[in-house]
Amino acid sequence: MKKLFFAILFSLPLLSGCTKSGDEIRVGEFGSLTGNDATFGLSTNKGIRLAIDEVNEKGGIKGKKIKLITLDDQGRDTEAVQVVTRLITQENVVAVLGEVASSRSKAAAPIAQEYKIPMISPSSTNPEVTKIGDYIFRVCFIDPFQGFVMAKFASENLKVKKAAILRDVKNDYSVGLADVFAADLKKMGGEIIADLSYQAGDVDFKAQLTQIRSKAPDAIFIPGYYTEVGLIAQQARDLGIKVPLLGGDGWDSTKLSEIGKEAIDGAYFSNHYTSESTDPVVRDFITRFQAKYGDTPDGLAAMGYDAARILILAMERAQEIKPNLIRDEIAKTKDFAGATGKISINENRDAVKSAVVVQVQGKSNKFVTTIHP
Ligand code: PHE
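In this text, residue positions in the sequence shown follow our numbering: the first is 192, and each later residue adds one.
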């Protein structure tokens, strides 16, 4: 009797496993759930799950529930290629959501393009990402705009004339953003008096910072990810550097202030979203997110939510759940009112949107200004 019971118990999930794929819509997600940039993947996943659970609770799409398959790439480019290949060839997903980091989106996008599976990056901002092919989209602005935003903010709001740059040379996002910032600040009459590098994983930045200190800049632009930025801030203050520190969206993590502590206080960065927004669409998203998870969404969660919503709406509009039809509908996205602002996908498969500048104040990021394209 007991044996029979277990036999039935174990065969149930198996049975449902093989009959299910016809009556469910399989969507893949790849992200850094572990590793140096783990908060990026974890936050994005929360936003994506909220969007998918909401539509499933309402009955799904065309009577089918969405099944989300999330794979961890550990924050590594090579792993991103592996997991996206697996999502497409073994998990049979009809679309892929991810990645956050531009280097990992760039590494994996050729796979999605080759198999003609639409991929939407929630927040990769490097221009090269969507150039990989007509199946690759993003729902965020790109770095030529983000770099302009921070150059303009530095020059107009902070009256910066001489800036130093500290960039992560192995990170496509960091290098691209550093270049735009430098070019734009120069156009605005500023000067880059030092442009130095590090690599993700480094822990000692004193040599670069000492060199920067000797040039006496008005501000330091650090377009990196939160882990290193937190350490750089600490070491800069230890060396007596008091000028403002500036960055981009890669700073968006609760870990930034945990690592940087008081050293990062007062620093400014550009971002996709502010939880202080009074827009009813944003407030409503925050309320639903808090009800589900008990915390306030960061920019990544908001971008993940918007990417998933745009995919869901495209699947609803598509005649059938087929990758090529979904692709065509994603491309038609116009004036979608998202948690991160109004999103229209342009002919380059990018979104043209405003950016916000926020200031780190203790554990929170205070809204400072919005800059429009
Ligand atoms: N824009 C960054 C990149 O392209 C990723 C990122 C987005 C990080 C938003 C944090 C917040 O690499």
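Idealized CB from N, CA, C, for every residue including glycine.
### Message
With DSSP as the reference, identify every bridge partner of residue 341, one or two as the case may be.
### Response
According to DSSP, residue 341 bridges with nothing at all.
### Message
Pop quiz: residue 291 and residue 222 are said to be a contact at Cβ under 8 Å. What is the actual Cβ separation, rounded to whole angstroms?
### Response
6 Å
### Message
Could you check whether the Cβ of residue 300 sits closer than 6 Å to any heavy atom belonging to the ligand PHE?
### Response
no
### Message
Distance cutoff 7 Å, beta carbons only. Does residue 446 sit that close to anything in chain C?
### Response
Among the protein chains of the structure shown there is no chain C, as only one such chain exists.
### Task
Select from 300, 434, 338 the residue whose C-alpha is nearest the C-alpha of residue 351.
Looking at 300, 434, 338, the one whose alpha-carbon comes closest to that of residue 351 is 434.
### Three-pair Cβ contact test at 8 Å for the stretch 312-330 versus the stretch 253-269
no
### Task
Check whether the stretch 527-541 touches the stretch 261-274, taking contact to mean three or more Cβ pairs, one atom from each stretch, closer than 8 Å.
In short, these stretches do not touch, since the Cβ pair count stays below three.
### Task
Check whether the stretch 484-496 touches the stretch 221-237, counting contact only when three or more Cβ pairs, one atom from each stretch, lie closer than 8 Å.
yes
### Cβ separation of residue 540 and residue 522, assumed to be a contact under 8 Å, to the nearest whole Å
7 Å
### Query
Whose C-alpha, out of 480, 503, 502, 332, is nearest the C-alpha of residue 493?
When each option's Cα is compared against that of residue 493, the closest is 480.
### CB contact flag (residue 356, residue 374, <7 Å)
Contact: no.
#### Entry: residue 315 beta carbon near the ligand PHE (any heavy atom closer than 6 Å)
yes
### Query
Which first and last residues belong to the alpha helix (DSSP H) in which residue 520 is found?
514-522
### Task
Might you give, ordered along the chain, the residues of its own chain that have their beta carbon closer than 8 Å to the beta carbon of residue 337, omitting 5 neighbours on each side?
316, 368, 371, 439, 440, 461, 546
### Message
As a quick exercise: from 327, 428, 296, pick the residue whose alpha carbon is nearest that of residue 232.
### Response
Ranking 327, 428, 296 by Cα distance to residue 232 puts 296 first.
### Query
DSSP on residue 539, reduced to helix/strand/coil?
Secondary structure at residue 539: coil, using DSSP grouped into helix, strand and coil.
### Message
Looking at the ligand PHE, does it come within less than 6 Å of residue 364, judged from the CB to the closest heavy atom?
### Response
yes
### Reduced DSSP secondary structure (H/G/I, E/B, other) of residue 213
helix
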